[in-house]
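J.:
2 protein chains.
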Amino acid sequence: MKRREHILVVSLALFNSEGEANLSAVDIANELEISPGNLYYHFKGKEEIVSELYEKFEAGFELLLQDGMETGAGLEEYWLYLYVILEHIHNFRFFFRNITDLLQKYQSIEPRFRRLMEKQSRWVRQLLTGLLEEGVIVHPHLAAERIERLTDSIMLLFTYWYQFQNLRNRKLDQHDFIQSAILQIMTLLAPYMGDQQLQFMEACLNLYQREKQG
Amino acid sequence: MKRREHILVVSLALFNSEGEANLSAVDIANELEISPGNLYYHFKGKEEIVSELYEKFEAGFELLLQDGMETGAGLEEYWLYLYVILEHIHNFRFFFRNITDLLQKYQSIEPRFRRLMEKQSRWVRQLLTGLLEEGVIVHPHLAAERIERLTDSIMLLFTYWYQFQNLRNRKLDQHDFIQSAILQIMTLLAPYMGDQQLQFMEACLNLYQREKQG
DNA sequence: GTCTATAAGTAGATAGAC
DNA sequence: GTCTATCTACTTATAGAC
C-alpha cells in the first residue's frame, strides 16, 4: 500500500504544478520511474487517482467547515479559519485551475463539489452574521439581500482567486496567495467596519506580513 | 469568402454551447455538413479559427473600452457601458469558460488577452474615479489602495462571473447573466453610496427588470 | 471549392511474461 | 508487484481525385 500512497502524493504535486489536463498516465508513471502498466495495476487510470485526491480534499474541507460552524468561534478564530481554508485550497489548487472542464471530465465529482461549495457558502454566511453579531461589521443597509450578494462575492473569490492571480502572471507562493486572498476579503468587508475595526484589520495584515519575513 | 465567414459563425456558436475543448475539427465540419478536408482548406485548423474569433473579440472590446475612456461620460453612460461590455463578454463566453487551459493551448493569444485585461482594468479604475468625482460614491476611507482592491474585485467578477454561475448550475440567458453581474457590481459599490444614490441604483435595476419582461 | 482516403501522433487500457 | 508489448480510439493534418 505504500506505492499506492506514493502515486497519490506525486500525482498531486504534478497536477498542482502542471495542471491535470496536461498529464497523461504515462507522464505520471515516468515521474514515478515506474512503467505505465504498473501504474494501471494500482489505479484503474487517471480518473481513479483524481477521484481519490478529491476524496481527500473533500474530507479535509468538510472537517474545517464543520469545526468552524460548531464552535460559535470568536473573531480571531474566524480569521484563522479563513487562513486554513485558503491553505487547504492551495494544497489542492489543481482542482481550481480549470474547474469547469475538470468537473465535466470527472462527472462523479461534479455533484459532490457543488454540494461542498454550498456548504462553504453557508459557512461564509455564518461568518458574516457572526461578524454582525460581534459588531465587527455594522451598517444601516446590511439587509439579508446584501448579505447574499456579499456571500457570492466572497465565494467567487475563494473559487477563482487562484486562477485570477495566475492569469495576471502573479506566481504566488502559498503564503502570498493566502495573504492576498485574505486582504481582498477584508477589503470587501472594510466599508462595513468602523475605524477601530479597520485598525484591528490592518494590525492583522501586518502580523501576517511579519510572520512571513520572520 | 462566404463559407469562411459561415465557419466562424457556426464555430462560435458551437464553442459557446459545448466548450472549445470538447470540439474537434471533425465535429465542426459535421455541424457545418462539410467534410473535414474542406474545413482544412479554409482554415489551417481549429487554432486558426479560435485565433480569428479572438481577433473579433479583442477588436470589439477595445472599441468599447476606448469609447468609454474618451467621452468623460456621465453617470448613466457608465452603467450603459457596463451593460454592453458584459454583453460582449457573453457573446464570446467560450473564452471565459476555461481561460487557463485555453490560453495555455493558444499561446499567441495569451499576451494579447493579458494586455486586454489590463486595459479593462484601467477602464474600471477610471469608472471608479469617475464615480468618485461625480460624488456617486464617497467614503472617508476610499484611498488609492482601496480603489485598487475594488478594481480587482470587479475584474474578478468580469472574468469569472460566467464560470461561477455555471458552476452553481445557473444556466442564465444573456439578459439574466448581464443583470446578475451588474447587480453584483453595484453591490460592491453600494456601501460607498449615500441613500439617494442607493435609490437611484435600485431604480436602475428595476428598469432592467421591466425591460426584460416587456 | 469540395470530397475521400489515409497518414501520423497521442492517450487510454489490457494481456501475459517475469 | 512490476515489466514489455500491444491494441483501440481519437484528433490533427495532408495528398490527390473530382
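Sequences listed follow chains A and B, in order. The first sequence: position 181 = 181 (this note's numbering), numbered continuously. The second sequence: position 114 = 1114 (this note's numbering), numbered continuously. Glycine is no exception: its CB is placed at the ideal position from the N, C-alpha and C atoms.
So, do the region 60-80 of chain A and the region 114-131 of chain A have three or more beta carbon pairs nearer to each other than 8 Å?
T.: Result yes; three or more Cβ-Cβ pairs closer than 8 Å.
J.: Just the chain A side, please: which residues come within less than 9 Å of Arg-1097 of chain B by C-beta, in chain order?
T.: Within chain A, the residues near Arg-1097 of chain B are Thr-100, Asp-101.
J.: Establish whether the CB of Thr-151 of chain A and some CB of chain B are separated by less than 8 Å.
T.: So, not an interface residue.
J.: Of all the options B:Met-1155, B:Gln-1163, B:Asp-1195, B:Asp-1176, which has the alpha carbon lying nearest to the alpha carbon of Ile-1185 of chain B?
T.: That would be B:Met-1155, whose Cα lies nearest to the Cα of Ile-1185 of chain B.
J.: Would a check of beta-carbon distances place Phe-984 of chain B closer than 8 Å to chain A?
T.: This structure cannot settle anything about residue 984 of chain B, because the visible part of chain B is limited to 1001 through 1214.
J.: Return the first residue and the last residue of the alpha helix (DSSP H) that Met-186 of chain A is part of.
T.: Where Met-186 of chain A is concerned, the enclosing alpha helix (DSSP H) stretches over 174-189.
J.: Indicate whether the contact test is met: 3 or more Cβ pairs, each with one atom in the region 1082-1101 of chain B and one in the region 1138-1146 of chain B, closer than 8 Å.
T.: Touching, no, given that fewer than three Cβ pairs across the two stretches are closer than 8 Å.
J.: Consult DSSP for Ile-34 of chain A and reduce its assignment to one of helix, strand or coil.
T.: Three-state result, Ile-34 of chain A: coil.
J.: I'd like to confirm the pairing. Which residues does DSSP put opposite Ile-1099 of chain B in its beta bridges?
T.: In DSSP, Ile-1099 of chain B forms no bridge with anything.
J.: Over the uninterrupted alpha helix (DSSP H) stretch that includes Pro-1140 of chain B, give me the two end residues.
T.: Run containing Pro-1140 of chain B: none; DSSP gives neither H nor E here.
J.: If you draw a straight line from the C-alpha of Met-1201 of chain B to the C-alpha of Leu-205 of chain A, how long is it?
T.: Whole-angstrom Cα-Cα distance: 33 Å.
J.: Return the residue from the list B:Leu-1132, B:Leu-1032, B:Phe-1158 that minimises the CA-CA distance to Ala-1190 of chain B.
T.: Selected option, being the one with the closest Cα: B:Leu-1132.
J.: Only counting the same chain, and skipping five residues up and downstream in sequence, which positions put a Cβ closer than 6 Å to that of Phe-1092 of chain B?
T.: Phe-1057, listed in sequence order.
J.: Which residue marks the beginning of the alpha helix (DSSP H) containing Pro-45 of chain A, and which one marks its end?
T.: Here residue 45 of chain A turns out to be Gly, not Pro, going by the sequence shown. From DSSP, Gly-45 of chain A is part of no alpha helix (DSSP H); its letter is neither H nor E.
J.: Could you pull the start and end residues of the alpha helix (DSSP H) that Val-119 of chain A belongs to?
T.: Before going on, a small fix: residue 119 of chain A reads as Lys here, not Val. 109-133 is the span of the alpha helix (DSSP H), which, as asked, contains Lys-119 of chain A.
J.: Pairing CB atoms from the region 20-29 of chain A with CB atoms from the region 41-54 of chain A, are three or more of them under 8 Å?
T.: Yes, the region 20-29 of chain A is in contact with the region 41-54 of chain A.
J.: So if I threshold CB-CB distances at 8 Å, which residues from the region 1175-1199 of chain B count as touching chain A?
T.: So the close ones are Leu-1183, Gln-1184, Thr-1187, Leu-1188, Ala-1190, Pro-1191, Tyr-1192, Leu-1198.
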